[in-house]
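In the numbering used here, the protein residues as written are 453 to 806.
Note that beta-carbon positions come from the ideal geometry of N, C-alpha and C, so glycine has one too.
Worksheet for the structure shown next.
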Ligand code: KG4
Ligand code: ZN
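Okay, structure coming up:
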């Protein structure tokens, strides 16, 4: 039995998970989210994030071992997220992983955080095949993966475990960042995505203000969200609901307006995703499957838009459930597992890669 302990500390979540490589099963996945600590600042404060990681790491790892009902002696490999992310936060997980690897004489594997997201839809229990095929056979290679979080928005052609190429990515902000920043303008805390989704639902997912969509550059997949953020802000100024020097003008920034802004924003981002995915489907007509991963994949509206387009182009649609969409250590342990199978171990010089 090969047991992998995964450690994830890239940003504002402290995660630990135990993965059984032989059974291909997640035995535990424990996560502590610092959301409450950053909420009042409208975004993640790196210094607070790294201090909180330090406070939590030991207890979260112990909790993950306990939940999996294994002791540290039974663990074979320590897999740790190496980056990209916040240097101070990553450093906590990495030092801890190296410490355990050295003192208990365990093998160590550095895992790219984005690899974790890309392969999160492969986690057993995430998707239960109704046929007799394995998850790998159901999703198949190559496939397309749209990975969207607060730090990135990328469409990948995934050729194998650990092997994928960027088909297109954002040239500025990530889609999650647009949700977070606009939620902040509307007076809400971090993270903005869930509140934007809730408000948009109250407004019926209608496109009230038709914010500008990035124009496709011919047949190229690419994303850009910083112009959209500015367009929403200036539209609010025009409506007398926001002052660039003072902030929100409360009497004009009504609940109805907030719902309409959120709804128009979500529809706009849905359109941008769908337009780019269509271009990718035309570029790679033979791919059979499409996966949607990362924190923004929690969004049911966006999932339904992508599922529709997949049905139209006869592609199988897969997504990870919420607990494996946002940052988690199960995806790190999983990727660590296939790196271990390929003998891609690291030594104690392993460093953060932001
Ligand atoms: O993957 P993740 O946990 O962390 C990063 O690696 O960034 O993603 C966090 C992002 C945040 O921007 C958050 O607003 C967004 O995911 N998010 C959502 C939803 N839930 C989280 N965005 C849209 N709709 C949601 N329901
Ligand atoms: Zn992430």
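With a CB to CB cut of under 6 Å and the five nearest residues on each side skipped, what residues in its chain are close to residue 664? If you number the chain shown from 1, residue 664 lands on position 212. Cβ within range, chain order: 683.
Do residue 781 and residue 459 have their C-beta atoms closer together than 7 Å? Counted from its first residue, the chain shown places residue 781 at position 329. Counted from its first residue, the chain shown places residue 459 at position 7. In this structure, residue 459 lies closer than 7 Å to residue 781 by Cβ.
Per-residue DSSP class, three states only, for residue 646: Residue 646 sits at position 194 when you count from the first residue of the chain shown. Residue state, collapsed to three classes: helix.
DSSP three-state call for residue 522: helix, strand or coil? As a first step, residue 522 is located in the chain shown; it is residue number 70 there, counting from the start. Correct three-state label for residue 522: coil.
Kindly provide the chain-ordered list of residues whose Cβ lies closer than 5 Å to any non-hydrogen atom of the ligand ZN. In chain order, the hits are 601 and 779.
Does DSSP classify residue 553 as helix, strand or coil? Reading the chain shown from its first residue, position 101 is the one you call residue 553. Helix.
Measuring straight from C-alpha to C-alpha, what distance separates residue 637 and residue 680? Numbered from its first residue, the chain shown carries residue 637 at position 185. Numbered from its first residue, the chain shown carries residue 680 at position 228. So the alpha carbons of these two residues sit roughly 13 Å apart.
Start and end residues, beta strand (DSSP E) containing residue 785: Counting from one through the chain shown, the residue named residue 785 turns up at place 333. Following the DSSP letters along the chain, one finds residue 785 in no beta strand (DSSP E) but inside the alpha helix (DSSP H) bounded by residues 782-793.
Less than 7 Å separating the beta-carbons of residue 666 and residue 676? Stepping through the chain shown from its first residue, residue 666 is reached at position 214. Stepping through the chain shown from its first residue, residue 676 is reached at position 224. Contact: yes.
Output yes or no for whether 7 Å exceeds the beta carbon distance between residue 787 and residue 732. Residue numbering aside, residue 787 sits at position 335 when the chain shown is read from its first letter. Residue numbering aside, residue 732 sits at position 280 when the chain shown is read from its first letter. Their beta carbons are not under 7 Å apart, which means residue 787 does not touch residue 732 by this criterion.
Between the Cα of residue 487 and those of 623, 705, 472 and 642, spot the shortest distance and give me the residue it belongs to. For this step, residue 487 is matched to residue 35 along the chain shown. When only C-alpha atoms are compared, the closest one is 642.
Mapping the DSSP letters down to three states, classify residue 509 as helix, strand or coil. Along the chain shown, read from residue 1 onward, the residue named residue 509 stands at position 57. Looking at residue 509 - three-state DSSP - the assignment turns out to be helix.
Closer than 6 Å: residue 751 CB and nearest the ligand KG4 heavy atom: Within the chain shown, the letter at position 299 stands for residue 751. At least one heavy atom of the ligand KG4 is found less than 6 Å from the C-beta of residue 751.
Are the CB atoms of residue 648 and residue 714 nearer to each other than 7 Å? Locating residue 648 in the chain shown gives position 196, where the first residue counts as 1. Locating residue 714 in the chain shown gives position 262, where the first residue counts as 1. Yes, the Cβ-Cβ distance between residue 648 and residue 714 is below 7 Å.
How about residue 806: is its Cβ closer than 6 Å to a heavy atom in the ligand NAD? The ligand NAD is absent from the structure shown, which contains only the ligand KG4 and the ligand ZN.
With distances taken from CA atoms, which of 724, 735, 698 and 710 is nearest residue 635? As a working note, residue 635 is residue 183 in the chain shown. Of the candidates 724, 735, 698 and 710, the one whose C-alpha sits nearest the C-alpha of residue 635 is 710.
Would you say residue 714 reaches chain D, if we count a Cβ-Cβ gap shorter than 7 Å as a contact? Note that chain D does not occur in the displayed structure, where there is just one protein chain.
Pick helix, strand or coil for residue 712, following the three-state DSSP scheme. Sequence index remark: in the chain shown, residue 712 carries index 260 (1-based). Reduced to three states, the DSSP call for residue 712 is helix.
Does the Cβ of residue 632 lie closer than 6 Å to at least one heavy atom of the ligand KG4? Residue mapping note: residue 632 aligns to position 180 of the chain shown, counting from 1. Correct: residue 632 has its Cβ closer than 6 Å to the ligand KG4.
Measure the C-alpha to C-alpha separation of residue 468 and residue 703 and round it to an integer number of angstroms. Walking along the chain shown from the start, residue 468 turns up at place 16. Walking along the chain shown from the start, residue 703 turns up at place 251. Going by the C-alpha atoms only, they are around 45 Å apart.
Since I believe residue 749 is in contact with residue 559 (beta carbons under 8 Å), could you give me their beta-carbon distance rounded to a whole number of angstroms? Position 107 of the chain shown holds residue 559. Position 297 of the chain shown holds residue 749. About 31 Å separates the two Cβ atoms, so there is no contact after all.
From 685, 712 and 708, pick the residue whose C-alpha is nearest to that of residue 700; which is it? As a position in the chain shown, residue 700 is number 248, starting the count at 1. Of 685, 712 and 708, the residue nearest in Cα terms is 685.
Could you check how far apart the C-beta atoms of residue 598 and residue 725 are, in whole angstroms? I think they sit under 8 Å. For the purposes of this step, residue 598 is identified with residue 146 of the chain shown, where counting begins at 1. For the purposes of this step, residue 725 is identified with residue 273 of the chain shown, where counting begins at 1. Residue 598 to residue 725, Cβ: 7 Å. Contact.
Based on the DSSP secondary-structure assignment, which residues constitute the bridge partners of residue 617? Within the chain shown, the letter at position 165 stands for residue 617. For residue 617, DSSP records a beta bridge to 609.
Bridge partners of residue 565, per DSSP? As a working note, residue 565 is residue 113 in the chain shown. Note: residue 565 sits in no beta bridge, so no partner.
Compute the Euclidean distance between the alpha carbons of residue 662 and residue 688, then round it to the nearest angstrom. The residue labelled residue 662 in the question sits at position 210 within the chain shown. The residue labelled residue 688 in the question sits at position 236 within the chain shown. Straight-line Cα distance between these residues: approximately 13 Å.
Measuring CB atoms only, is the region 531-539 touching the region 761-776, in the sense that at least three cross pairs come out at less than 8 Å? no
Cβ-Cβ separation, residue 573 to residue 698 (assumed contact under 8 Å), whole Å: Taking the first residue of the chain shown as position 1, residue 698 is located at position 246. Taking the first residue of the chain shown as position 1, residue 573 is located at position 121. With a Cβ gap of about 44 Å, residue 698 and residue 573 do not count as contacting.
Span of the beta strand (DSSP E), counted from its first residue to its last, around residue 467: One-based indexing of the chain shown puts residue 467 at position 15. Residues 465-472.
As a quick exercise: from 582, 474 and 456, pick the residue whose alpha carbon is nearest that of residue 480. Indexing the chain shown from 1 puts residue 480 at position 28. The shortest C-alpha separation from residue 480 is found at 456.
Alpha carbon to alpha carbon, how far is residue 561 from residue 801? Along the chain shown, one-based indexing puts residue 561 at 109. Along the chain shown, one-based indexing puts residue 801 at 349. Cα-Cα distance, rounded: 11 Å.
Along the beta strand (DSSP E) that carries residue 460, what are the first and last residues, could you check? Residue mapping note: residue 460 aligns to position 8 of the chain shown, counting from 1. Element bounds for residue 460: 455-460.
Can you tell me where the alpha helix (DSSP H) holding residue 755 begins and where it ends? Within the chain shown, residue 755 is the residue found at index 303, counting from 1. Note, residue 755: alpha helix (DSSP H), 752-764.
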